[in-house]
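In my numbering, the protein residues as written are 358 to 608.
Right under this line is the structure:
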């Protein structure tokens, strides 16, 4: 299968200008794998164990599980990259990776916890992508209020951030562009939580224009919604968005 991909791509790319995005698949079953393979030591508690001692030991065990899980996820992902990406590297413009780190109001963990438990593994994966496809840009999808760790993402080699969720705390388009736009490009940004599902045509037109005005100066912006367009969103609203983008989205 992998060997046949290059031939198909060569055929598709003849005389065409196409942006090809490759996706990194993560191993979601790593925690179950760790448990099934019994990689964690079984710790028994003596009758005189204090609550503090038990809590400390439980915390240590949890950290071991996180480490083993992250190692396995990274191992699976790098294996995928090393097998698949070199075959299509010639034609691949962007490699997409995803790991949601935020909620609407804050991160899922503290920035320090991210730097301890996630960042080293993200770095390893990006290094593998760079080795396999040196010319490709790395796009990271991470929903929510992640501004505290955007400098960390830049440091480990993320080139493009998606979906830049505009209603999440600290992710206001003008602020994100002004703070990080010199070192990072952006994909997304149009609100799908309130504007597209509930906005009037006039509000949607204004919202699209304001978003382009915020992100487009200096380049480094790919217009898109801030996540998938889900079932129930009015088609007319989406068409209004496209209408404005086609008319005013050249930047």
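Just so you know, even glycine gets a beta-carbon here, dropped at the ideal spot from N, CA and C.
Only counting the same chain, and skipping five residues up and downstream in sequence, which positions put a Cβ closer than 7 Å to that of residue i?
i	result
residue 573	608
Straight-line CA distance for residue i to residue j?
i	j	result
residue 606	residue 597	13 Å
residue 440	residue 536	37 Å
residue 595	residue 420	44 Å
residue 566	residue 542	18 Å
residue 554	residue 561	10 Å
residue 601	residue 425	48 Å
residue 571	residue 556	19 Å
residue 474	residue 490	26 Å
residue 480	residue 513	5 Å
residue 434	residue 485	9 Å
residue 622	residue 431	Outside the shown range of the chain, which is 358 to 608, sits residue 622, and nothing can be said about it.
residue 384	residue 492	Residue placement at residue 384 is poorly supported in this model, since its pLDDT is 39, which falls under 50; the coordinates are not used for a value here.
residue 472	residue 465	13 Å
residue 506	residue 468	6 Å
residue 460	residue 528	11 Å
residue 482	residue 550	31 Å
residue 422	residue 447	38 Å
residue 576	residue 456	25 Å
residue 578	residue 538	9 Å
residue 517	residue 442	18 Å
residue 488	residue 591	43 Å
residue 589	residue 510	34 Å
residue 437	residue 476	19 Å
residue 508	residue 534	13 Å
residue 603	residue 429	44 Å
Leaving aside the five residues before and after residue i along the sequence, list all residues of the same chain whose C-beta is less than 6 Å from its C-beta, in chain order.
i	result
residue 515	495 and 497
residue 427	478
residue 540	511
Buried or exposed for residue i, please, with buried defined as at least 16 other CB atoms from any protein chain shown within 10 angstroms of its CB.
i	result
residue 587	exposed
residue 532	exposed
residue 585	exposed
residue 462	exposed
residue 504	buried
residue 530	buried
When you measure from the CB of residue i to every non-hydrogen atom of the ligand FMN, does any distance come out below 6 Å?
i	result
residue 490	Annotation note on the ligand FMN: not contained in the displayed structure, which lists no ligands.
How many whole angstroms separate the CB atoms of residue i and residue j, which I take to be in contact at a CB cut-off of 8 Å?
i	j	result
residue 502	residue 525	4 Å
residue 544	residue 499	Actually they do not touch by this definition, with Cβ atoms about 12 Å apart.
Could you pull out every residue in the same chain whose Cβ sits closer than 8 Å to the Cβ of residue i, ignoring the five residues on either side in sequence?
i	result
residue 593	558
residue 547	523, 553, 564, 565, 568, 580, 581, 582, 583 and 598
Tell me, please, whether the CB atom of residue i is closer than 7 Å to any CB atom in chain B?
i	result
residue 473	In the structure shown, chain B cannot be found, because there is only a single protein chain.
> Which whole runs of the alpha helix (DSSP H) in the region 511 to 589 are 4 residues long or more, in chain order?
Replying inline: 530 to 537, 552 to 555 and 558 to 572
> Can you list the beta strand (DSSP E) stretches of 3 or more residues lying completely in the region 446 to 507, in chain order?
Replying inline: 451 to 455 and 494 to 498
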